[in-house]
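Protein chains in written order, with the working numbering: chain A, 1 to 505; chain B, 506 to 860; chain C, 861 to 1216. By construction, the Cβ of each residue, glycine as well, lies at the ideal position given by its N, Cα and C atoms. The structure displayed is predicted, hence computed values, not measured ones.
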Amino acid sequence: MPDHSLLEMKGIEIEFPGVKALDKVDFSVNAGEIHALLGENGAGKSTLIKCLTGVHHMDAGTILFDGKEIRPTSPQEAFSMGISTVYQEINLCPNLTVAENIFVGRQPMKGGMINWKEINRRAKELMSRFHMDIDVTRPLNNYSTAIQQMVSIARAVDIDAKILILDEPTSSLDDNEVQLLFNVMRELKAEGMGIIFITHFLDQIFAVSDRMTILRNGTLVGTYNTTDITKLQLVTLMIGKDIDVIFNLKRAHVDPNAPEMLRTENLGTPGQIQNVNLSMKKGELLGFAGLLGSGRTETAELIFGAVPATEGTEDINGKRVSIKKPLDAIKAKLAFCPEDRKRDGIIGDLSIRENIALALQARRGFLHPISRQEQNELADKYIKLLSIATPDAEKKIGDLSGGNQQKVILARWMATQPDLLILDEPTRGIDVGAKAEIQRLMLEMCNDGVSVIFISSELEEIIRCSNRIIVMRDGKKVGEVKGEECTQQTLLSIIAEGEQEGASA
Amino acid sequence: MPERIPEQRQSFASRFLKPQYVMVYATVGIFILIYIYGAVRFGSIGFTTLRTFINMFKDNAYYGISAVGMTLVLITGGIDLSVASVACLTGMIVAYGTTVLGFHPAVCMLVALIVGVGLGVLQGAAIHYLNVPPFITTLAGNFLARGVCSLISRESISVSHPMIDALAGWKWYFKKYVDGEWVKIKPIAFINVNLFVFIVMIIIGTIILQKTKFGRNIYAIGGNEQSAKLMGLPVAKTKIMVYGFNGLCSVIAGFAYLLEVKSGWNLALNGGELEAITCAVIGGTLLTGGVGYMVGTLFGVLLKSVIPALITFNGNLLSWWGKIATGGLLALFIVIQRIVVTTSERNKSKKKEAT
Amino acid sequence: MKKKSFNLSGVMQSKITWAVVAELLILLVCFIIRPDFFSIKYQPATGMLYGSLIDILNRSAEITIIAMGMTLVIALGGTDLSVGSLVALSGALALKFLRWDVLVYNTPGDYTVKPFILVILVPLAVCTLMGMFNGFMISRIGMQPIIATLILMVCGRGIAQIVTNGKQFTTLYSPFRVIGQGSLFFLPMPIIITAVVVIGVSLFVRKTAFGTMVESVGINPSASRLSGIDSKKIIMIVFALTAFLSAISGLITASRVMSNDSNNFGINFEMDAILAVVIGGTNMSGGKFSLAGTVIGSIIIRTIVTFVYYFGIVSEATMAFKALIIIVVIVLQSEPVRKKMSKFGKKKVTGGVQHA
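Have a look at this one:
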């Protein structure tokens, strides 16, 4: 390994409105190294990468690349310097052939015209170097995500990238495909490329990386050699034990004789998630723990009908229901705050008032409008109850801060007076104060007899609030613990190792 | 080490049945079916002659020329509603310039070229830099060009100039070698300037799309404009050039129309933009962008002209059945496109499950 | 203070403001050139008011009515190209029933099928069905609106010609004349019909939650679905409504000339309607819409046309004027320009606050 780093980022700082997204973060990559970049959602991984590729412009800090200071202003510029990114969502053209995706924009020419033979020959060569003997003359969208990702990598490799950033490349790959990708990564490493590998899968980090850098809440936790660290230590570092503020929160009390609110048997959809068996009591708060991609969100979507279930049964309050679309679920008094607030939650250009009334209105149907006065009352009530920071209810929801947007979405569902409220990462990316308030609200609702499913990556808050915690990994339930008996240590070990191994450890 | 070979399913059939060609096959197939039907029904009264076949091209040559440029625009995911008006404007400029002002038609043609290509470039720039939807931008271009036509003259202006007459009169007859000399085949069939230009434009279009970086960038933009940007392709330049090229095609189409009618009229070719779009779409070009072939457009033009031909041969059917048949064809093709797209998506997710 | 500053920059950014300003400017120009542009006279013979302003309202009726539906279509993020063809179809159907004698019995004589109401109801019903076909292709098959409606745009006029066997009829039946040429409250009937449609659609959209749902689907389909909004139903209703309104417009068009003309009725109506909506400040990419803005947009278009006629400019040149208006409007509304404008507005406002 050379003694100087190929890439060195020092003291990177960036501030978004209201949040310090990165605070004095250092990060370096050597040539011929696979360096894992880790952290939970909102830790600042993607922000750091976006500073490097010129999507964001950092407020302070320096980037040294190959000994020279650089400051890319756009992904194209970073790309031309030799920094290539392969995203989780493929950034290629689905209608072009595999070969062309590798060579478009820099096709070999012959007599003023594109030399297709040469393109296809070289593409075939390149792909077979990655052990992919595929027909490169077929359009890209004929192939699976794994292959599309390889094509992305092939393009980067052929352009002589020195740094290759792989942003969650494995989240939609199966084991075989992951192994294939790892082989390629190792080969590229042997050729002296520096690879930044972002992933949520712990096993994979240990399988392939040389070093790892861990971020948490926009700050650097540290950089470690992979051989010097255990899985448990890693999870602890990622999630952190800093209990920032101790709130005076008490778990909801669940009457042991309370009626069953939700029961699912073998609920599932082939190809998505299957065999979901759950049972919840009225007023219970059920936590879903596990890393991203473990099947937490998918389970919630199945219960709510966002992805319709094709097999199994679902009973709500002892009655069999058939939930084919979200409206059915809302009619059955279910509510669901999705994970991606921007994409699935807010209606950006509508006012706070309209956003709050939306789900209730949808349940009533548009012919039974909620009067303007009722809407105002609803809006005022929830703005006060949830202390939403806004001058008035007519402000566009898109103009609010993340925490306040989340509260409005919560208000939308509280207004429907649900029996079961599913919250998918409701506290992600919002400030500590708003976080505590949302937790308090959840517990209050439980005490009022609402059942809550609470999905979170932060173990601390999940343990503090839940009556029962279900731990998921790889689309399966791997453990279940009672909230009172649970410590972060036990939960961490279940997430890392599964219940049996965790218990024996 | 799992050295496996995924997706190895290269059979002889699959080499030709590539999904990207399905739409073109559908167009060609349907054309052949209709043609055979016509041959069986009306073969005895001359449907199968070369003359009928050539006429199918000839009568729609100006729409075909416009469809060449339109295909490029549609592949980028855009649309251009201004083509018919620009073609009409070309006719007006040449007619007014030659007949009223007394310029040489070649000079007028040059002016028309500058106007048409300039308008196209401006539209492209507005679409890219101002982020105005192509539909609205080119609608403005449509109104503008049509309005200027009316400002030039509200009367039809006939053109009579040796050069125009010569071009309009040029014919290349199909001949056969009989008894030591070339004689015109019967019934007489010939290629005129319009048809010749149409075929040349199709060839140029094919070369642009298949053999130049510019053409491949067009496909890339239509496939995913964001990705094209990230891949470092010159998106702005390509889009502007596409609309400029389409302006050029409109001007040539306008000139071709002028040769046919030998006059300029401010209401000529009203609604012609839809004819051009229809030719491209039934030729397999996706209105969502990213997919389209010149060969498809060529057969699209043929397919669109075989219907009126059939109606003429039938003699009893009235001409508006042509509109309905075209609409029906359009619906059919769009539904086929939907099916092709959804099945390829389904195949992919199935594949995903299987692995 | 804070609230006021917010409002001012809101007005600067509001797109309907620009439409109103534009209309006032055009009227001002008219007034300067010919002060009598604004005169309105009462004609006892017909019991109607006459004048350029009345004429503008009267002649804008067809487009205004269609544009009401088009506003909702565009708010959903779509376009409906089939409206012009539906106008032709509606006219053809009405005349078919008015001239049942010629068409069916081949003996000119008795003017119309009885009851007369069928002449109105059948075109409305048939066109609404056509609109539902559009809606079906879009919401169930999943086509882009522009493609799905292109089909009907291409073959709609053909269907209209089949309805009347390709013939053009005229009628003298006076109840039918009322629709396009009658009067009520001293005003031409089309103005009254337009007012009823505008008020009716506004009430339907704003007094029920329909408008909010349309906006919601137009802004964020995914979030709308998860909030329980049935977007398929919304799309279906919007396209059916637009077709229904096109049919009304077709009846007015036919009644004005007491005839049918499948080739020329409703030509470019889709373009004009889209134009009215865009001038009125509704964004082509969907979302928030303004029916009032659309009405103003439609009036602007007609004002230009009237202006051109009134001052003896070549009538076909209206196209060029329309183009100029679109160019001004799209440049003003385009993202880069609007960002600059709103920055400018805010700067001015903050300056004012500092002064205070």
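- Per DSSP, D380(A) has no beta-bridge partner at all.
- Taken atom to atom, the span from the alpha-carbon of I83(A) to that of K162(A) is near 6 Å.
- Chain-order list of chain B residues neighbouring I114(A): Q715, K716, T717, K718, G720 and R721, by C-beta distance under 9 Å.
- Flagged as an interface residue toward chain A: K734(B), by a C-beta distance shorter than 9 Å.
- At a Cβ-Cβ threshold of 9 Å, A1100(C) and G995(C) count as neighbours.
- For E354(A), the chain C residues whose C-beta falls within less than 7 Å of its own C-beta are T1072, listed in chain order.
- A distance below 8 Å between beta-carbons, with the five flanking residues on each side excluded, links G794(B) to the following residues of its chain, in chain order: L579, I580, T581, G582, G583, I726, G727 and G728.
- The Cβ of S46(A) sits no closer than 9 Å to any Cβ of chain B.
- Annotation: Cβ neighbours of P94(A) in chain B (cutoff 7 Å, chain order): G728 and N729.
- Inter-residue distance for K901(C) and V1165(C) is about 21 Å (C-alpha atoms, whole angstroms).
- Under DSSP, the beta-bridge partners assigned to F695(B) are Y678(B).
- Residues of chain B whose Cβ lies closer than 7 Å to the Cβ of P75(A) are, in chain order, L735.
- Counting along the chain, Y224(A) sits inside no alpha helix (DSSP H); it lies in the beta strand (DSSP E) bounded by residues T219 to N225.
- The DSSP assignment places 1005-1023 as complete runs of the alpha helix (DSSP H) inside the region 991-1026 of chain C, in order along the chain (cut-off: 4 residues).
- At a cut-off of 9 Å between C-beta atoms, H57(A) does not count as an interface residue with respect to chain C.
- For T939(C), the neighbours in chain B by C-beta distance under 8 Å run, in chain order, F640.
- Under the 9 Å criterion on CB atoms, M185(A) is classed as non-interfacial with respect to chain B.
- Within the same chain, V86 and F197 come within 6 Å of L166(A) by CB-CB distance, once the 5 residues on both sides are set aside.
- Taking 3 residues as the shortest admissible run, the region 1109-1152 of chain C contains no complete beta strand (DSSP E) segment at all.
- Just so you know, the alpha carbons of P639(B) and M81(A) end up roughly 34 Å apart.
- As computed with DSSP, T62(A) is found in a beta bridge with K10(A).
- Near chain C, meaning a CB-to-CB distance below 8 Å, no residue of the region 676-688 of chain B qualifies.
- If you draw a straight line from the Cα of V612(B) to the Cα of I1139(C), it is about 38 Å long.
- A direct Cα-to-Cα measurement between L1010(C) and F206(A) gives close to 56 Å.
- When 8 Å is used as the limit between beta carbons, L738(B) is near these residues of chain A: V104 and G105, in chain order.
- Against chain B, the beta carbon of E100(A) has neighbours under 9 Å at R721, Y724 and A725, listed in chain order.
- A straight-line Cα-Cα distance of about 7 Å links H368(A) and A1069(C).
- Note on the region 701-750 of chain B: whole alpha helix (DSSP H) runs with a minimum of 4 residues are 718-728 and 730-735, in chain order.
- Looking at S658(B), S590(B) and R546(B), the one whose alpha-carbon comes closest to that of A1183(C) is S590(B).
- With a threshold of 9 Å between beta carbons, V1138(C) makes contact with chain B.
- Beyond the five residues adjoining it in sequence on each side, V151(A) comes within less than 6 Å, by CB distance, of V98 and N101 in the same chain, given in chain order.
- K68(A): member of the beta strand (DSSP E) spanning K68 to I70, first to last residue.
- According to the DSSP assignment, Q489(A) belongs to no beta strand (DSSP E) but to the alpha helix (DSSP H) extending over Q488 to E497.
- Within its own chain, the residues whose Cβ lies closer than 7 Å to the Cβ of A379(A), once the five positions on either side in sequence are excluded, are I352, R353, I356 and A393, listed in chain order.
- Under the DSSP assignment, L410(A) falls in the alpha helix (DSSP H) whose first and last residues are G402 to M414.
- Taking a Cβ-Cβ threshold of 7 Å, the residues of chain C close to T793(B) are Q1004, in chain order.
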